[in-house]
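*Asks:*
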DNA sequence: GCGTAGTCGTTGCTCCGACAAGTATTATGG
DNA sequence: CCATAATACTTGTCGGAGCAACGACTACGC
């Protein structure tokens with residue numbers, strides 16, 4: 001009758017926790033796979049590639065340091081290096097050396113990049129709506145926001 | 001004033017939708033990455049590998065057809081072929097030919113596989129608790145279940 | 001029965017992304 | 001100042017996973 005016999009505290013998940021976790025895990029995997037397929041089929045893009053275009057588009061001057069881009073897209077620096085290289089070869093992005101730090105590099109969205117994003121966004125947004133947003137009540141959508149924020153709060157720190 | 005000028009129906013997400021989607025996307029990426037790191041560090045496993053051990057453990061006789069395993073883990077057949085090959089080389093799984101269908105193959109959990117799962121589960125479960133379950137109210141946990149189910153309902157069909 | 005169509009699992013190919021090491025540059029501490 | 005540490009990006013290497021193609025087998029239609 002001590003600390004570790006509270007019903008939920010064992011080494012396994014109870015049934016409620018288990019179904020929540022599985023439902024979340026499976027649905028998320030399905031959603032991400034479906035979004036990747038949609039972007040690949042309609043725009044020949046990866047979700048990561050798309051995310052990079054979006055983040056650059058939102059940044060002042062369409063320009064971000066590689067490091068910032070890695071932080072925003074939650075990927076590693078090497079991942080960003082390669083993704084930006086791909087985008088550069090496709091003409092959507094150009095590399096611009098950093099003035100104030102000679103190690104630094106900026107990725108800058110080109111006009112072709114903005115065009116590409118404008119062409120890709122509607123299909124992607126439609127998919128996100130159909131598969132996620134339209135399936136949920138407004139209350140669930142706001143719960144999802146809060147759930148995500150709480151997880152981020154835990155995961156940002158460690 | 002017709003069907004597509006409802007405020008939420010445009011080609012872009014409104015602010016509420018946008019923050020929900022980003023919070024969900026980012027937190028999920030963080031969580032999956034953290035879980036993968038935890039399993040890699042403490043058990044030298046992938047989340048997929050772990051999932052395979054779990055599904056086999058739950059199956060009668062610790063045995064499943066490759067196809068079933070692919071469906072349950074939401075991966076492709078080729079993915080399962082390779083994951084099972086890895087698990088087989090590690091000694092956690094053995095391949096058993098299927099009696100009633102000579103094309104078929106079963107993956108069967110070995111004793112070593114059960115031991116491996118028993119050794120890996122507590123750390124993984126602890127991580128899931130810390131990062132996800134403990135961050136949420138019971139109400140949010142049940143909302144998460146319902147959200148996942150709704151998405152699955154949409155995505156299972158098409 | 002027999003041919004055709006579909007299914008099962010595997011393999012070849014290729015892409016994506018993580019980690020670790022390397023180079024160049026900037027920051028720090030004495 | 002100068003040596004050391006820390007940071008920014010890149011690259012080498014590797015592992016995981018998707019798609020398409022394949023051989024083996026089964027199921028179906030007639």
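Residue numbers (full-length UniProt numbering), protein chains in the order written: chain A, 1 to 158; chain B, 1 to 158.
Idealized CB from N, CA, C, for every residue including glycine.
(1) Below 7 Å between beta carbons is the criterion; list the residues of the segment 24-58 of chain B that meet it against any residue of chain A, in chain order.
(2) Determine the extent of the alpha helix (DSSP H) in which residue 11 of chain A is found, giving its start and end residues.
(3) Whole angstroms is fine: what's the gap from residue 88 of chain B's alpha carbon to residue 15 of chain B's?
(4) Given this structure, state the Cα-to-Cα distance separating residue 119 of chain A from residue 96 of chain B, to the nearest angstrom.
(5) Compare the C-beta of residue 3 of chain A against all C-beta atoms of chain B and say whether one is closer than 8 Å.
(6) For residue 43 of chain B, count neighbouring C-beta atoms within 10 Å of its own C-beta (all shown protein chains included) and say buried if the count is 16 or more, exposed if not.
(7) Say whether the segment 120-136 of chain A touches the segment 135-154 of chain B, bearing in mind that this needs 3 or more beta-carbon pairs closer than 8 Å, one atom from each stretch.
(8) Apart from the five residues just before and just after residue 61 of chain A, which ones in its own chain have a Cβ nearer than 8 Å to its Cβ?
(9) DSSP state of residue 108 of chain A, grouped into three classes?
(10) By the criterion of Cβ-Cβ separation under 7 Å, what are the contact partners of residue 135 of chain B in chain A?
(11) Please tell me whether residue 122 of chain B has its Cβ less than 8 Å away from any Cβ of chain A.
(12) Under 8 Å, with one C-beta from each stretch per pair, do the segment 29-48 of chain B and the segment 110-124 of chain B reach the 3-pair mark?
(13) Can you tell me where the beta strand (DSSP E) holding residue 63 of chain B begins and where it ends?
(14) Name the DSSP bridge partner or partners of residue 97 of chain B?
(15) Is DSSP giving residue 19 of chain B helix, strand or coil here?
*Replies:* This is what the structure holds:
(1) Within the segment 24-58 of chain B, those residues whose Cβ lies closer than 7 Å to any Cβ of chain A are, in chain order, 24, 26, 27, 28, 29, 30, 31, 34.
(2) Residue mapping note: residue 11 of chain A aligns to position 11 of the first chain, counting from 1. Careful: residue 11 of chain A lies outside any alpha helix (DSSP H) and carries neither H nor E.
(3) Looking up residue 88 of chain B in the second chain gives position 88. Looking up residue 15 of chain B in the second chain gives position 15. Each residue's Cα considered, the two are about 49 Å apart.
(4) Within the first chain, residue 119 of chain A is the residue found at index 119, counting from 1. Within the second chain, residue 96 of chain B is the residue found at index 96, counting from 1. Distance between the alpha carbons of residue 119 of chain A and residue 96 of chain B: 50 Å.
(5) Numbered from its first residue, the first chain carries residue 3 of chain A at position 3. Model confidence at residue 3 of chain A stands at a pLDDT of 45, short of 50, so the residue's coordinates are unreliable; what they give is reported in the following sentence. With 8 Å as the cut-off, residue 3 of chain A does not count as an interface residue toward chain B.
(6) The residue labelled residue 43 of chain B in the question sits at position 43 within the second chain. For residue 43 of chain B, the number of other beta carbons within 10 angstroms of its own is at least 16, and it is reported as buried.
(7) At 8 Å Cβ cutoff, the stretches touch.
(8) Position 61 of the first chain holds residue 61 of chain A. For residue 61 of chain A, where only same-chain residues beyond five positions count, the Cβ hits under 8 Å are 108.
(9) For the purposes of this step, residue 108 of chain A is taken as the residue at position 108 of the first chain. In the displayed model, residue 108 of chain A falls within a strand according to three-state DSSP.
(10) Sequence index remark: in the second chain, residue 135 of chain B carries index 135 (1-based). Within 7 Å Cβ-Cβ: 150, 151, 154.
(11) Your numbering for residue 122 of chain B matches position 122 in the second chain. Yes, because at least one Cβ of chain A sits closer than 8 Å to the Cβ of residue 122 of chain B.
(12) They touch, by the three-pair rule.
(13) As a working note, residue 63 of chain B is residue 63 in the second chain. It spans 63-65 - the beta strand (DSSP E) in which residue 63 of chain B sits, taken as one unbroken run.
(14) Looking up residue 97 of chain B in the second chain gives position 97. Partner(s): B:105.
(15) Taking the first residue of the second chain as position 1, residue 19 of chain B is located at position 19. Residue 19 of chain B carries a helical assignment under DSSP once its states are collapsed to helix, strand and coil.
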